[in-house]
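Worksheet: the structure to be examined is printed underneath.
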Amino acid sequence: MSMARPPMSKRRKFVADGVFYAELNEFLMRTLAEDGYAGVEVRVTPIRTEIIIRATRTREVLGEKGRRIRELTSAIQKRFQFPENSVELFAERVEQRGLGAAAQCESLKYKLLGGLAVRRAAYGVLRFVMEAGATGCEVVVSGKVRAQRAKVMKFKDGYLISSGQPSLEYCDHASRHVDMRQGILGVKVSIMKPHDPEGKIGPKTPLPDKIQVNDPKEEEVPTQPQPEIVEYEAAVEE
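When you read off a place in the sequence shown, starting at 1, and then add 92, the result is the number in the working numbering.
Encoded structure:
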């Protein structure tokens with residue numbers, strides 16, 4: 093007789109979900125690095141678990157006739173021991189490639205591997221991000237850049253917040269390791285997205301310190317008052 097599994101506590105469930113998301117994100121980041129991988133979203137429904145992969149080149153993620161997405165589905169199903177036909181993968185195209193920190197971090201990584209100078213590569217990423225409509229961007233490259241001694245180079249443009257709840261909603265961060273000949277370089281890209289009332293390219297919630305001054309209402313200017321003429325009729329005595 094099989095005993096029923098005890099219910100999992102809330103704390104263990106949150107920890108298990110966090111570990112699953114971190115391992116899944118790491119696996120997809122390594123597998124889809126060249127295809128503009130920009131993040132993943134996990135939706136759990138009563139019927140199945142849906143995994144939405146965000147990337148800039150969804151055609152390469154799907155593969156020829158959906159072959160690659162089926163291979164990824166099978167690998168994730170076996171690794172995390174999902175029941176048969178209980179997990180499904182979708183590919184979602186990122187509209188604004190310049191506002192995704194992961195995509196820009198991968199772009200910077202391949203620029204450095206191609207032999208491009210650090211300063212030129214970083215400024216290229218900064219310009220591309222700001223032209224896409226971002227509020228601010230910061231690129232950090234650390235390691236043995238040119239000489240034998242390691243150093244940190246920071247490139248920043250625009251306005252970037254780093255504390256409070258708005259930083260969690262507005263800012264997107266990504267970091268990668270670049271295996272160079274002289275050693276490993278650390279690359280980090282931070283992007284602050286713009287406010288979008290529709291929620292397409294940025295969060296809907298406005299910044300708490302954003303003050304909007306409305307235009308004054310048009311008031312009707314009163315004309316020059318005219319003296320009121322009152323005619324008094326003399327009472328005629330009969």
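Ideal placement from N, C-alpha and C gives every residue a C-beta, glycine not left out. For clarity, every value in this text was computed on a predicted model and none was experimentally measured.
- Collapsing the DSSP output to three states places Ile168 in a helix.
- Burial state of Tyr113 is exposed, judged by a 10 Å Cβ sphere holding fewer than 16 other Cβ atoms.
- Within the segment 235-273, the complete beta strand (DSSP E) segments of 3 residues or longer fall at 243-250, 263-271, listed in chain order.
- When rounded, the separation of the alpha-carbon atoms in Glu115 and Arg122 is 11 Å.
- Inclusion of Ala224 and Val186 in the CB contact set at 8 Å is not warranted, their separation being larger than that value.
- The beta carbon of Leu299 is closer than 6 Å to those of Pro258 in its chain, skipping five residues each way along the sequence.
- Assignment of Gly128 by DSSP, reduced to helix, strand and coil, places it in the coil class.
- Under the three-state reduction of DSSP, Ser282 is assigned to strand.
- Here the segment 302-312 does not lie against the segment 267-282, with fewer than 3 beta-carbon pairs under 8 Å apart.
- For Ala214, the enclosing alpha helix (DSSP H) stretches over residues 210-223.
- Note that the segment 211-222 does not touch the segment 157-176; fewer than 3 beta-carbon pairs, one per stretch, sit closer than 8 Å.
- By alpha-carbon distance to Thr150, the top candidate from Glu126, Thr137, Arg135 is Glu126.
- Counting C-beta pairs with one atom in each stretch, the segment 284-303 and the segment 197-207 have fewer than three that are closer than 8 Å, which means they do not touch.
- Using a Cβ-Cβ distance cut-off of 8 Å, the segment 166-179 and the segment 223-242 are not in contact, since fewer than three pairs of beta carbons, one from each stretch, lie closer than that value.
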